[in-house]
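In my numbering, the protein residues as written are 82 to 429. Working notes, structure below.
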């Protein structure tokens, strides 16, 4: 399509006011490169668009291709809320400190163009589908994942552009390609807490993808559960809800990155629950804590009313203190949690 014809088409489609039409044409006639100032030039009804969008100056033809995104307004009455500024805000928050920010924002806009022009998905669906799938606005990453899914879907002759459960379809294709799937980590239930307990039933909150029989797909969930009596999920149509674990004396539950990854960026697995038959007295920890407090073995023995030889056997691992002496050790060594003096045995 010739540039003049493309410009005229845009004018007729997006601008009803003759004054705005004239200002738009005037700006484009005088500029080969378009910046955000074009929106304020069009008038007060458009200046807020430029304030909410982020892009470096771009060629005129590129700007015209992206106009459907810039000027889209969601139909709130139809319960549609997604718009470009939300995704831009999400993208900016995540990438603003990176040196490659300009390159990344360009990739983001190119992603939108692929969805509209290559896959023929309406703008309203482009902005709404990620919200429907995630239950949240500002999901810029999901747009990028969506395009990747569509590329893989073409490879496997899958025609469904917008699967009902996106991440299940996407993860299935990622695994076919031997690529790492999207993992869903636990949501914090209370301040600093990721698991609730009622007797031997443990409950965790988050997004838990399930198979067609309603069983949680544990390999896609940031929880490692060993030796459970039973595992099940209660989720809504977005697979958000609760994961339940019925524990026994040998059950182990660990959560991925609950309090942050390792210093090198690798995944950290935190113990959320360990059954009583998996716990052992950690004699090495006892020795380390004593040294940390700057006390001798004799001093500890005197304070808790035990013989030196008895205490030495605890530090060597030959014997374990009973609950009576354990409480005294915790008092003397300022130990607040029993977990500081216990370790978990290896679990297959």
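Where a beta carbon is used, it is the ideal one built from N, C-alpha and C, also for glycine. Remember, predicted model here, so these are calculated numbers, not experimental data.
Handout entry: Spatial neighbours of residue 179 in its chain, beta-carbon cut-off 8 Å, leaving aside the 5 residues before and after
Key = By one-based count along the chain shown, residue 179 stands at place 98. Answer for residue 179: 185, listed in chain order.
Practice task
Take the Cβ of residue 260 as the centre, count every other Cβ of all protein chains shown within 10 Å, and call the residue buried at 16 or more, exposed below.
Solution key: Stepping through the chain shown from its first residue, residue 260 is reached at position 179. Looking at its Cβ environment, which holds fewer than 16 other Cβ atoms inside 10 Å, residue 260 is exposed.
Practice task
Return helix, strand or coil for residue 313, following the three-state DSSP convention.
Solution key: Numbered from 1 along the chain shown, position 232 holds the residue referred to as residue 313. Residue 313 falls in the strand class under three-state DSSP.
Practice task
In angstroms with no decimal places, state the Cα-to-Cα distance between residue 129 and residue 166.
Solution key: Counted from its first residue, the chain shown places residue 129 at position 48. Counted from its first residue, the chain shown places residue 166 at position 85. Residue 129 and residue 166 have their C-alpha atoms some 10 Å from each other.
Exercise for the section: Starting from the Cα of residue 303, find the closest Cα among 319, 324, 296 and give me that residue. Expected result: Here the question's residue 303 lines up with position 222 in the chain shown. Residue 324 is the option with its Cα nearest to residue 303.
Practice task
Using a threshold of 7 Å, state whether the C-beta atoms of residue 425 and residue 406 are closer than that.
Solution key: Against the chain shown, residue 425 aligns to sequence position 344. Against the chain shown, residue 406 aligns to sequence position 325. Cβ distance not < 7 Å, so residue 425 and residue 406 don't count as in contact.
Practice task
Using DSSP bridges, identify the partner residues of residue 164.
Solution key: In the chain shown, residue 164 corresponds to position 83, counting from 1. In the DSSP output, where bridge partners are listed per residue, residue 164 has none listed.
Practice task
With distances taken Cα to Cα, identify the nearest neighbour of residue 387 among 373, 408, 369, 374.
Solution key: For this step, residue 387 is matched to residue 306 along the chain shown. For the residues 373, 408, 369, 374, the minimum Cα distance to residue 387 belongs to 408.
Problem - Span of the alpha helix (DSSP H) around residue 100 - result: The residue given as residue 100 occupies position 19 in the chain shown. Start and end: 99-111.
Problem - Three CB pairs or more closer than 8 Å across the segment 228-244 and the segment 303-318 - result: no
Problem - Under the three-state DSSP convention, the category residue 276 falls into - result: Here residue 276 refers to the residue found at position 195 of the chain shown. Three-state DSSP puts residue 276 in coil, outside helix and strand.
Practice task
State buried or exposed for residue 256, treating a residue as buried only when at least 16 other CB atoms are found within 10 Å of its CB.
Solution key: Against the chain shown, residue 256 aligns to sequence position 175. Per the 10 Å Cβ criterion, exposed.
Handout entry: As assigned by DSSP and simplified to three states, the class of residue 270
Key = Taking the chain shown and counting its residues from 1, one reaches residue 270 at position 189. In the structure shown, residue 270 sits in coil (DSSP, three-state: anything other than H, G, I, E or B).
Problem - Cβ pair count under 8 Å reaching 3, the segment 107-118 against the segment 155-173 - result: No, because fewer than three Cβ pairs between the segment 107-118 and the segment 155-173 fall closer than 8 Å, the two stretches do not touch.
Problem - N- and C-terminal bounds of the alpha helix (DSSP H) containing residue 251 - result: The count along the chain shown starts at 1 and reaches residue 251 at position 170. Looking at the DSSP string, the run of the alpha helix (DSSP H) that includes residue 251 is 247-257.
Exercise for the section: Let me know if residue 381 comes out buried or exposed under the rule of 16 or more other beta-carbons within 10 Å of its beta-carbon. Expected result: Looking up residue 381 in the chain shown gives position 300. Its Cβ being crowded by 16 or more others within 10 Å, residue 381 is buried.
Practice task
Starting from the Cα of residue 374, find the closest Cα among 181, 288, 411 and give me that residue.
Solution key: Taking the first residue of the chain shown as 1, we reach residue 374 at position 293. Residue 411 is the option with its Cα nearest to residue 374.
Problem - Cutoff 7 Å; reference residue 360; Cβ partners in own chain excluding five residues on either side - result: Taking the first residue of the chain shown as 1, we reach residue 360 at position 279. Contacts found: 423, 425.
Practice task
Please say whether residue 200 and residue 231 have beta carbons closer to each other than 7 Å?
Solution key: Mapped onto the chain shown, residue 231 falls at position 150. Mapped onto the chain shown, residue 200 falls at position 119. Yes, these two residues count as a Cβ contact at 7 Å.
Practice task
Answer with buried or exposed for residue 356, where buried requires no fewer than 16 other C-beta atoms within 10 angstroms of its C-beta.
Solution key: For the purposes of this step, residue 356 is taken as residue 275 along the chain shown, with counting starting at 1. Buried.
Problem - Rounded separation between residue 282 and residue 327 - CA only - result: To locate residue 282, count along the chain shown from 1; it is residue 201. To locate residue 327, count along the chain shown from 1; it is residue 246. Cα to Cα, residue 282 sits roughly 5 Å from residue 327.
Problem - Exposure of residue 343, with buried meaning 16 or more beta-carbon neighbours within 10 Å - result: Along the chain shown, read from residue 1 onward, the residue named residue 343 stands at position 262. Answer is exposed; the Cβ neighbour count stays below 16.
Practice task
Tell me where the beta strand (DSSP E) around residue 321 begins and ends.
Solution key: Reading the chain shown from its first residue, position 240 is the one you call residue 321. Run containing residue 321: 321-327, per the beta strand (DSSP E) assignment.
Practice task
Using 10 angstroms around the beta-carbon of residue 340, count the other beta-carbons present and answer buried if the total reaches 16, otherwise exposed.
Solution key: For the purposes of this step, residue 340 is identified with residue 259 of the chain shown, where counting begins at 1. Residue 340 is exposed by the Cβ-count criterion.
Handout entry: Per DSSP, cross-strand counterpart(s) of residue 293
Key = As a working mapping, residue 293 is identified with position 212 in the chain shown. The partner list for residue 293 (beta bridge, DSSP) is empty, contrary to what the question assumes.
Exercise for the section: Would you check if the distance between the CB atom of residue 266 and the CB atom of residue 337 is smaller than 7 Å? Expected result: Position 185 of the chain shown, counted from the start, is the residue given in the question as residue 266. Position 256 of the chain shown, counted from the start, is the residue given in the question as residue 337. Against a cut-off of 7 Å, the Cβ pair of residue 337 and residue 266 comes out as a contact.
Problem - Distance cut-off 6 Å: residue 375 Cβ against heavy atoms of the ligand COA - result: No copy of the ligand COA appears in this structure; indeed no ligand is present at all.
Handout entry: Distance, residue 288 Cα to residue 321 Cα
Key = Counting from one through the chain shown, the residue named residue 321 turns up at place 240. Counting from one through the chain shown, the residue named residue 288 turns up at place 207. Answer to the nearest angstrom: the Cα atoms are 4 Å apart.
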